[in-house]
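The letter at position 390 of the sequence shown is residue 370 when you use our numbering, and the numbering goes up by one with no holes. A short write-up of the structure that comes next.
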Amino acid sequence: MTLKKIFVLDTNVILHDSSCINQFGEHDIVIPITVLEELDNFKKGNDSLNFHAREFARTLDSLAEDKLFNGGVPIGTGRGKISIKLDRQFDDDISANFSDKKKPDHHILNIGYQVAKEFADREVTLVTKDVNLRMKAKAVGLMAQDYKNDHVSDILQLYTGTRIEENVDPELINLMYTPPYEFPAAELTVERPLVPNEYLILRGERKSALAVYDDELNVIKHVDKVPAFGISPRNSEQTYALDAILNDNVRLVSLTGKAGTGKTLIALAGALKRKKSYRQILMARPIVALSNKDIGFLPGDIKSKLDPYMKPLFDNLAVIEHAQGDTKRSQVSKLVDDNKLIIEPLSYIRGRSLVNTFFIIDEAQNLTPHEIKTIITRAGEGTKIVFTGDIFQIDHPYLDSHSNGLSYLIEKMMGQRLYAHVNLTKGERSELADLAGSLL
């Protein structure tokens, strides 16, 4: 009989997912007392971290018995036990290598190391999202791993939202340019089944066409290149992205791609084109400074303090204003003045119910899967949500291309009729920006 494994959890795992204790099957879980002390520092506030800290405390309290410190208590049917380990004197191996005994990470490492020695016949693993702590654990012979419950299985196989179909019957392509500009999907031979709202380039011997699969009608529809608020798509991917944004049947859109591909600009232009259909256009982004370093003290009111973080959104707004020309430039300014177009940090959105709102979330790769879920569940009747971001440019200290919320969203939502995704690969900001993105 194989013995149950023991998983020692770090604080950041719980702050990432307060339901994490339900993800380890029949194996046992150890919570170092240091983790509870750290969670205590996060219990007040309205951010995702604060929610997880409070939720985990409530979960632990509901399980709590005297055995929580003394052998553990069952988590549930088919699950292992959970126990809390009190702090102990530092093991000689830990003391010899880590002199800073005030550091919480070293206390967690010490408890994990001693649990591994105490249960030498069982596999003991420290679970942490801190890569440095994982390296320290491995250096002293303690197994360590990332929390992978919400990881994307294969980032290289992640859904792109587009495909190219070669050697298409010329007659089908001709149908794309004659009313009703569509044909039954069954007439197109494909190797892989089509996904709802998947975009295609249909190529024949001499002609090609941009198209999208309409799952509800089971037809392939032609996609037109249309401008939006003075912004014209420059390539097929931007054309697809704008089509998804302007499609009222699609309520959730994700746009990914490297810097300069036009994700945010296309999303904002599309929102402005549809402004009469929505009560409000709301733009937000998580406040994560470059390289995860705070920009320091800033004088002034809250708007002044947040402006540096919101600047990229204002830059895109300025591009659209410029594209409108002098006669129409005041339209955008008027929308801002009338609170029809609002730019806010994402933390201000929590707890709200968004009805009939066009909601754009920029830099969504810096959100956790739980934060993505929280945002989408804010959507009320008539609301459309667009996430934009680069899943390979993460500023969050405990997220990567496999574990960030945007990647998670794409993998989980693929195939849903209300959802469309486009991965943009062609840089359009400038030749210099595209060159830097490719070579540096």
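Ideal Cβ positions, reconstructed from N, Cα and C, are used throughout, including at glycine.
Among the bridge pairs identified by DSSP, Ala191 is matched with Leu180, His202.
Distance check between Asp375 and each of Pro266, Tyr179, Ala359 places Pro266 closest, using alpha-carbon atoms only. Taking C-beta separations shorter than 8 Å and ignoring five residues to either side along the sequence, the partners of Met394 in its chain run Tyr139, Val175, His401, following chain order. A distance of 8 Å or more separates the beta carbons of Arg102 and Lys201.
Val203 is the residue among Ser381, Val203, Glu185, Gln396 whose C-alpha sits nearest the C-alpha of Val192.
Rounded to the nearest angstrom, the gap between the Cα atoms of Tyr220 and Tyr179 is 7 Å. Here Lys65 carries a strand assignment [DSSP, helix/strand/coil].
Looking at the DSSP output, Ile(-14) sits in a beta bridge with Asp8, Val104.
Our two residues, Arg114 and Pro160, have alpha carbons roughly 59 Å apart in a direct line.
A distance below 8 Å separates the beta carbons of Arg183 and Glu146. Nearest in C-alpha terms to Leu190, of all of Leu(-5), Tyr157, Arg172, Phe(-13), is Tyr157. If you draw a straight line from the Cα of Leu297 to the Cα of Tyr399, it is about 25 Å long.
By the Cβ neighbour-count rule, Ile1 is buried, with 16 or more other Cβ atoms within 10 Å of its own. Contact annotation: His(-4) and Tyr388 have beta-carbon atoms that are not nearer than 8 Å. For Gly92 against Val15, the beta-carbon gap comes to about 11 Å, at or over 8 Å, which does not count as contact. By the Cβ criterion, the region 210 to 228 is in contact with the region 238 to 253, since at least three pairs of Cβ atoms, one from each stretch, lie closer than 8 Å.
If you check the CB distance, Gly210 and Ile300 come in under 8 Å. Measuring C-alpha to C-alpha distances from Gly5 to each of Ile88, Tyr127, Ala165, Gly60 identifies Gly60 as the nearest. By the Cβ rule, the region 22 to 39 does not count as touching the region 358 to 367, because fewer than three pairs are nearer than 8 Å.
Taking 8 Å as the cut-off, the beta carbon of Pro349 is found no closer than this to the beta carbon of Asp27.
In the DSSP assignment, His401 is bridged to Ser234.
Non-local C-beta neighbours of Phe372 in its own chain, meaning closer than 6 Å and more than five positions away in sequence, comprise Ser381, ordered along the chain. For Ala117, the closest of Ala344, Ile88, Tyr258 by C-alpha to C-alpha distance is Ile88.
For the pair Ile341 and Leu326, the CB atoms are nearer than the 8 Å cut-off. Annotated as proximal: Thr363 and Thr337, with beta-carbon spacing under 8 Å. Contact between Asp370 and Lys238 holds, with the beta-carbon distance rounding to 5 Å and staying under 8 Å. By the Cβ neighbour-count rule, Pro213 is buried, with 16 or more other Cβ atoms within 10 Å of its own.
With 16 or more other Cβ atoms from the protein chains shown falling within 10 Å of its own Cβ, Ala251 counts as buried.
Here DSSP, grouped into helix, strand and coil, assigns Ile322 to strand.
Boundaries around Glu162 are those of the beta strand (DSSP E), 162 to 164, since no alpha helix (DSSP H) includes it. Rounded to the nearest angstrom, the gap between the Cα atoms of Asp317 and Gln260 is 12 Å.
In the three-state scheme derived from DSSP, where H, G and I count as helix and E and B as strand, Thr(-9) is classed as helix. Under the DSSP assignment, Ala124 falls in the beta strand (DSSP E) whose first and last residues are 123 to 125.
Between the alpha carbons of Asn90 and Ile225 lies a distance of about 51 Å. Ser(-1) and Lys97 have their C-alpha atoms some 28 Å from each other.
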